[in-house]
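Engineer:
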Amino acid sequence: MNPIFGKTQYLIATLLVAAAPACLAQGVLAEWNLAATPLASAVVPSTVNVTSATSITFGGFAGQWSEAASGVLREGPGATTTPALAVASGDYATFTLTDTTPMDLTSLTFGGAYGQFGNPAGYAVETSVDGFASYVTGAFSTQYSTFATQTVDLTPAQFQGLTSVTFRVFGYVKNSGTLDFSNFTVNGALASPVPEPNAMALAGMGLMSMFGLKAWRRRS
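As structure tokens, this is what we get:
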């Protein structure tokens with residue numbers, strides 16, 4: 107390979123990389139670490155890597171939710187017995203993420219456990235993406251104080267490119283059992299922004315230089 111042309115190719119590649127849109131690595135967009143945030147009327151986020159993440163607040167009969175111990179958000183006793191009844195009750199924990207750059211979500215994770223002869227037990231999650239018209243569910247498999255990690259898949263297309271999203275988390279448990287929730291985390295990345303005009307112009311000038319050099323070599 108001609109060393110001059112090789113250097114030119116290297117220069118162009120460097121310019122194109124510089125002009126390419128940046129994308130944040132996959133990671134935590136926001137987290138609510140209950141162990142670090144004693145519950146008062148709301149659970150304050152402990153990690154915020156987006157423009158804004160609200161505190162966890164409560165809808166419906168808010169008195170159903172309490173802090174049983176450090177690091178635990180408890181619902182019950184008296185929680186409903188099925189996911190459908192839980193959603194119909196209107197008793198939920200809710201929080202919102204916003205960012206000026208579109209967010210590509212991957213998952214919502216949190217710890218879950220049940221107590222006091224409360225199995226079957228689990229959760230239902232609604233989002234503002236479809237106007238809270240549908241929900242996904244999952245089951246709690248362990249009794250507190252042992253928590254099992256729950257993961258809600260947010261990779262489908264409707265959870266990509268969002269500038270705002272609100273979650274509602276409901277709980278259900280058999281008879282008079284109770285539910286415990288631990289840390290809530292929304293995972294994902296900020297979408298790639300459009301390249302800056304100056305960076306695009308720089309890349310274009312580099313390409314023109316490369317083609318000009320090739321034309322000059324053909325005439326020589």
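First residue of the sequence shown? That's 107 in this note's numbering, and the numbers climb one at a time after it. Using N, Cα and C, we set each Cβ at its ideal position, and we do this for glycine too. Keep in mind it's a predicted model, so treat the numbers as computed, not measured.
Buried or exposed: where does Glu-302 fall if 16 or more other Cβ atoms within 10 Å of its Cβ makes it buried?
Structural biologist: Note that Glu-302 has pLDDT 49, beneath the 50 cutoff, so the model's placement of it is unreliable and no number is given.
Engineer: Could you give the distance in angstroms between the alpha-carbon of Asn-205 and the alpha-carbon of Ser-152?
Structural biologist: It is worth fixing the name first, because residue 205 is Asp in this sequence and not Asn. Looking at the backbone, the Cα of Asp-205 and that of Ser-152 are separated by about 17 Å.
Engineer: DSSP three-state call for Ala-141: helix, strand or coil?
Structural biologist: DSSP places Ala-141 outside both helix and strand once states are collapsed to three, so it counts as coil.
Engineer: Less than 7 Å between C-beta atoms, sequence neighbours within five positions excluded: which residues of the same chain meet that for Ala-148?
Structural biologist: Ser-161, Ile-162, Thr-163
Engineer: With distances taken from CA atoms, which of Thr-291, Ala-297, Ala-295 is nearest Asn-139?
Structural biologist: Minimum Cα distance to Asn-139 is reached at Thr-291.
Engineer: Compare the Cα-Cα distances from Pro-226 to each of Ser-240, Ala-245, Asp-286 and report the closest residue.
Structural biologist: Ala-245
Engineer: How would you call Asp-210, buried or exposed, if buried means at least 16 neighbouring beta carbons within 10 angstroms?
Structural biologist: buried
Engineer: Give me the DSSP bridge partner(s) of Asp-259.
Structural biologist: Ser-213
Engineer: Less than 7 Å separating the beta-carbons of Thr-284 and Gly-217?
Structural biologist: no
Engineer: Pick from Val-193, Gly-182, Thr-186: whose alpha carbon is nearest that of Phe-273?
Structural biologist: Val-193
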